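Working notes for the structure below.
Chains as they are written, first to last, in the working numbering: chain A, 434 to 592; chain B, 146 to 519.
As structure tokens, then:
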């Protein structure tokens with residue numbers, strides 16, 4: 434582990450007001466299946482904690498609502514995240530957290546793509562490739578230390 | 146999430162449900178009474194002229210986690226499949242996911258490659274499988290294992306970027322014969338050529354490497370690298386498969402294409418030295434997600450399995466373009482063959498039927514039959 438933090442002074446942003454999540458369950462028609470939209474996916478990931486700081490990815494503007502692109506008919510979602518610094522070695526951890534949270538929250542038919550925002554990271558292609566190789570992701574998630582770290586980051590987002 | 150290897154037993158169409166205490170290798174799949182069919186005289190006629198359909202014959206639901214790989218026994222009608230789910234038998238041997246498995250040419254041994262860094266060799270004792278040896282050496286996850294045609298060598302590959310060759314000695318002994326370095330990233334699959342002791346590997350570094358021992362003295366070297374500059378893939382190459390004759394191969398990739406290659410192997414058989422592989426054609430636009438697996442059948446149908454949940458079947462075009470060489474056409478695409486990514490497709494060696502096994506993240510193994518619709 435790096436002795437100092439990657440980003441000593443992250444900028445913390447005001448977050449936008451949330452849509453009442455309880456509105457989802459007020460749908461009285463039992464048989465209708467609501468299409469999953471951008472905001473619903475964002476709600477799953479906005480509270481993921483940054484691995485280094487006690488702030489959410491939304492607060493650090495690593496993720497915004499526009500980070501999320503959803504096509505419910507094709508069951509595809511793409512999340513583009515912006516690391517706070519260009520050489521962020523936490524980028525793969527953040528990407529992994531987003532992927533794990535979505536894997537646990539979305540229907541299994543969904544195909545999930547995660548990438549760093551173009552131009553925001555020094556080794557963008559390498560990070561993207563790792564995050565989207567499911568065999569590498571599966572092996573990484575068998576590493577207990579990594580799983581512990583991911584669960585740490587995800588815990589606020591499950592509340 | 147430990148691992149599971151299931152070797153399943155099927156009776157015609159009625160697959161008996163596995164009782165809860167059945168684990169790992171203690172369940173065997175055998176096809177009973179393969180349906181006798183009158184040989185269709187026009188069998189090898191152009192399949193493109195007929196109406197073909199891929200019909201689901203059997204669904205094996207024993208696994209509780211994604212299924213990475215399925216492998217048909219070469220001599221008996223047995224299917225092995227491996228997964229990321231729980232087991233009690235394999236826990237003693239593999240401590241993490243079993244990623245792939247491969248039968249020896251005799252059909253008596255099964256090698257399993259695991260994320261725990263080891264490769265185990267299992268012997269079929271009839272009512273159960275016994276682990277007779279464990280090969281250690283790789284620094285991290287082993288991705289693939291392959292037996293050569295004579296069963297005298299095994300090859301393994303790993304995220305540690307290396308390819309290992311193991312010599313099969315008598316008395317359940319296996320010796321590391323060679324450690325091959327060359328790939329610059331995670332090696333996804335390793336495969337021996339069907340007729341010669343030439344080894345092929347494909348990798349996260351987007352290349353395919355060919356390893357050969359010129360003097361047959363066990364000193365293997367990388368004699369060719371197929372990369373973007375030689376019409377190779379532009380992203381991770383996941384799998385390789387050869388035609389029966391061994392003069393053509395197909396590779397598949399995260400770049401969403403399948404590529405066909407050929408070599409003048411008669412040159413190699415006659416001892417005139419190494420014959421390089423050259424690109425024949427690229428099949429693109431058929432899958433829109435990573436193609437994880439491809440397999441070339443003994444009667445020249447190429448199957449592909451991808452992250453778009455579909456199976457593709459391709460055959461060589463009848464129209465021979467003397468300038469550009471052979472081309473391949475889509476015979477059919479089976480959309481939604483599974484509910485999630487397909488990790489593995491494998492044709493059965495059976496000559497009676499055109500049977501294809503597919504394994505998926507949805508935890509299922511399906512057996513398909515390619516049939517002509519009247």
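Backbone N, C-alpha and C fix where the C-beta goes; we use that ideal spot for every residue, glycine too.
Treat the numbers as computed from the prediction; the structure is a model and nothing was measured.
Going straight from the alpha carbon of residue i to that of residue j, what length do you get?
i	j	result
residue 319/B	residue 365/B	18 Å
residue 171/B	residue 271/B	Only weak support is given to the placement of residue 171/B: the predicted model assigns it a pLDDT of 21, under 50, and the value that follows is read from those uncertain coordinates. Computed Cα separation, rounded: 9 Å.
residue 396/B	residue 523/A	34 Å
residue 482/A	residue 547/A	17 Å
residue 196/B	residue 494/B	23 Å
residue 486/A	residue 480/A	13 Å
residue 275/B	residue 226/B	16 Å
residue 352/B	residue 451/A	47 Å
residue 306/B	residue 419/B	24 Å
residue 298/B	residue 209/B	33 Å
residue 326/B	residue 499/B	38 Å
residue 175/B	residue 587/A	Here residue 175/B scores only 35 on pLDDT, less than 50, and its place in the model is too uncertain to base an answer on.
residue 514/A	residue 470/A	18 Å
residue 100/B	residue 360/B	Since the displayed chain B opens at 146 and closes at 519, residue 100/B lies outside it and no answer follows.
residue 423/B	residue 409/B	9 Å
residue 500/A	residue 389/B	48 Å
residue 514/B	residue 293/B	28 Å
residue 217/B	residue 295/B	17 Å
residue 563/A	residue 572/A	11 Å
residue 489/B	residue 497/A	37 Å
residue 431/B	residue 221/B	33 Å
residue 452/B	residue 436/B	6 Å
residue 569/A	residue 579/A	13 Å
residue 356/B	residue 478/B	34 Å
residue 574/A	residue 438/A	23 Å
residue 379/B	residue 316/B	44 Å
residue 495/A	residue 488/A	11 Å
residue 535/A	residue 454/B	19 Å
residue 553/A	residue 516/A	7 Å
residue 446/B	residue 506/B	24 Å
When DSSP builds the beta bridges, which residues end up paired with residue i?
i	result
residue 513/B	201/B and 501/B
residue 325/B	308/B
residue 334/B	347/B
residue 397/B	384/B and 403/B
residue 591/A	Answer is none; residue 591/A lacks a bridge partner.
residue 279/B	265/B
residue 514/A	549/A
residue 479/B	456/B
residue 290/B	301/B
Which one of the options has the shortest CA to CA distance from residue i?
i	options	result
residue 256/B	241/B, 301/B and 338/B	301/B
residue 565/A	520/A, 550/A, 478/A and 532/A	532/A
residue 403/B	229/B, 462/B and 427/B	427/B
residue 194/B	460/B, 471/B and 215/B	460/B
residue 391/B	401/B, 383/B and 406/B	406/B
residue 414/B	425/B, 341/B, 448/B and 463/B	341/B
residue 476/B	483/B, 485/B and 449/B	449/B
residue 560/A	527/A, 488/A and 489/A	527/A
residue 504/B	204/B, 198/B and 199/B	204/B
residue 491/A	448/A, 508/A, 516/A and 503/A	448/A
residue 602/A	474/A, 589/A, 525/A and 581/A	There is no way to answer for residue 602/A, as the model of chain A reaches only from 434 to 592.
residue 429/B	510/B, 316/B, 377/B and 229/B	377/B
residue 443/B	229/B, 506/B, 339/B and 399/B	339/B
residue 250/B	313/B, 372/B and 517/B	313/B
residue 370/B	421/B, 267/B, 230/B and 433/B	421/B
Enumerate in chain order the residues of its own chain whose CB-to-CB distance from residue i is below 6 Å, with the five nearest sequence positions on each side excluded.
i	result
residue 346/B	302, 308, 332, 335 and 354
residue 349/B	330, 331 and 381
residue 290/B	247, 256, 258, 264 and 301
residue 284/B	305
residue 472/B	426 and 462
residue 509/A	544
Please list, in chain order, all residues of the same chain as residue i whose beta carbon is under 8 Å from its beta carbon, the five residues on each side excluded.
i	result
residue 441/A	none
residue 555/A	519 and 520
residue 244/B	213, 214, 227, 258, 259, 260, 286, 287, 288 and 289
residue 525/A	560, 563 and 564
Just to confirm my understanding: we take residue i, look at its own chain, exclude 5 residues before and 5 after, and list those with CB closer than 7 Å. What are they?
i	result
residue 385/B	334, 336, 345, 347, 353, 394 and 396
CB of residue i to nearest heavy atom of the ligand HEM: below 7 Å?
i	result
residue 514/A	Inclusion of the ligand HEM in the displayed structure is not the case, the ligand content being empty and no account of it being possible.
Using a Cβ-Cβ cutoff of 9 Å, what residues of the segment 532-559 of chain A are near chain B? List them in chain order.
541, 542 and 544
Could you list the residues in the segment 464-490 of chain B with a C-beta less than 7 Å from some C-beta on chain A, going in chain order?
484 and 485
What are the residues in the segment 264-288 of chain B lying within 9 Å of chain A by C-beta distance?
285, 286 and 288
Residues from the segment 332-356 of chain B in contact with chain A, defined by Cβ distance under 8 Å:
333 and 349
Against chain A: residues of the segment 240-258 of chain B by CB proximity under 9 Å:
Residues of the segment 240-258 of chain B with a Cβ closer than 9 Å to any Cβ of chain A, in chain order: 241, 242 and 244.
Under 9 Å, CB to CB, which of the residues in the segment 376-387 of chain B have a partner in chain A?
380, 381 and 383
In the segment 448-463 of chain B, which residues sit with their C-beta less than 9 Å from some C-beta in chain A, listed in chain order?
452, 453 and 454
Give me the subset of the segment 423-444 of chain B whose CB atoms are less than 7 Å from a CB atom of chain A, sorted by chain position.
If the cut-off is 7 Å between Cβ atoms, the segment 423-444 of chain B has 434 near chain A.
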